[in-house]
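Okay, so here's the structure we're looking at.
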Amino acid sequence: EIDLSQDGKDWDSLTDSERHFVKHILAFFAASDGIVNENLAAQFATEVQSPEARAFYGFQMAMENIHSETYSLLIEQYIRDPAERDGVFNAIETMPAVREKAMWAI
1 EIDLSQDGKD
11 WDSLTDSERH
21 FVKHILAFFA
31 ASDGIVNENL
41 AAQFATEVQS
51 PEARAFYGFQ
61 MAMENIHSET
71 YSLLIEQYIR
81 DPAERDGVFN
91 AIETMPAVRE
101 KAMWAI
C-alpha cells in the first residue's frame, strides 16, 4: 500500500504549471501501461516459445498492472474535479500529446 494521506497538501502547494505537468505525465503513463500490456500479450507472449521468456513476460504484465493501478490511484487522489479526472483517464482521446505518443507506441 502507498500512503497518499499527505499528498493532497503537497498537490495544493504546486503551481498550476507544475500540476499541469504532473497531470499529463500521469495521463500518459496511465494510458501507456495498457498499450504495453496489450503489446506483450498480443505480440511477445504468443510468439515466444521459451517457457522462461514467457514466464518473464507474465511477470512484466503483472508489474504493468501494478503500475496502472498506482497511476489510477494517483489520478483519483490528485484530480478532484470529476470531469477533469475523466479527461485524464481518457487522455488518448482528450490530450493530443498523449494521443500522439500512444499512436507511436501502437
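When we follow the numbering used here, the leftmost residue of the sequence shown carries the number 1, and every step to the right adds one. For every residue, glycine included, the Cβ atom is placed at its ideal position computed from N, Cα and C.
Are residue i and residue j close, meaning C-beta to C-beta below 9 Å?
i: Lys23; j: Tyr71; result: no
Would you tell me roughly how many angstroms separate the C-alpha atoms of residue i and residue j, rounded to the nearest one?
i: Gly8; j: Glu47; result: 44 Å
i: Ala27; j: Thr15; result: 18 Å
i: Glu38; j: Phe44; result: 10 Å
i: Phe89; j: Asp81; result: 12 Å
i: Gly87; j: Met95; result: 8 Å
i: His20; j: Ile2; result: 23 Å
i: Ala42; j: Ser13; result: 42 Å
i: Ala53; j: Ser5; result: 39 Å
i: Ala97; j: Ser17; result: 16 Å
i: Glu93; j: Met103; result: 11 Å
i: Phe59; j: Ile25; result: 24 Å
i: Ser50; j: Glu69; result: 29 Å
i: Ala83; j: Leu73; result: 16 Å
i: Arg99; j: Ala91; result: 7 Å
i: Gly10; j: Phe29; result: The question names Gly, yet the displayed sequence has Asp at residue 10. Rounded to the nearest angstrom, the two C-alpha atoms are 21 Å apart.
i: Lys101; j: Met61; result: 20 Å
Apart from the five residues on each side of it in sequence, which residues of its chain come closer than 6 Å, Cβ to Cβ, to residue i?
i: Ala105; result: Ile35
i: Tyr57; result: Leu40, Phe44, Ala45
Report all residues from its chain with a CB closer than 8 Å to the CB of residue i; omit the five preceding and five following residues, and keep chain order.
i: Arg85; result: Ile75, Glu76, Ile79
Using beta carbons (cut-off 9 Å, strictly below), is residue i in contact with chain D?
i: Ile2; result: No chain D appears in the structure shown, which is made up of a single protein chain.
Note to self: With a threshold of 8 Å, are at least 3 pairs of Cβ atoms found where one atom belongs to the region 28–43 and the other to the region 52–67?
What the structure shows: As far as the Cβ criterion goes, the region 28–43 touches the region 52–67, which means the pair count is three or higher.
Next item on the list: Entirely within the region 28–93 and at least 4 residues each: give me those alpha helix (DSSP H) ranges in chain order.
Entry: Complete alpha helix (DSSP H) runs here, min 4: 51–78, 82–89.
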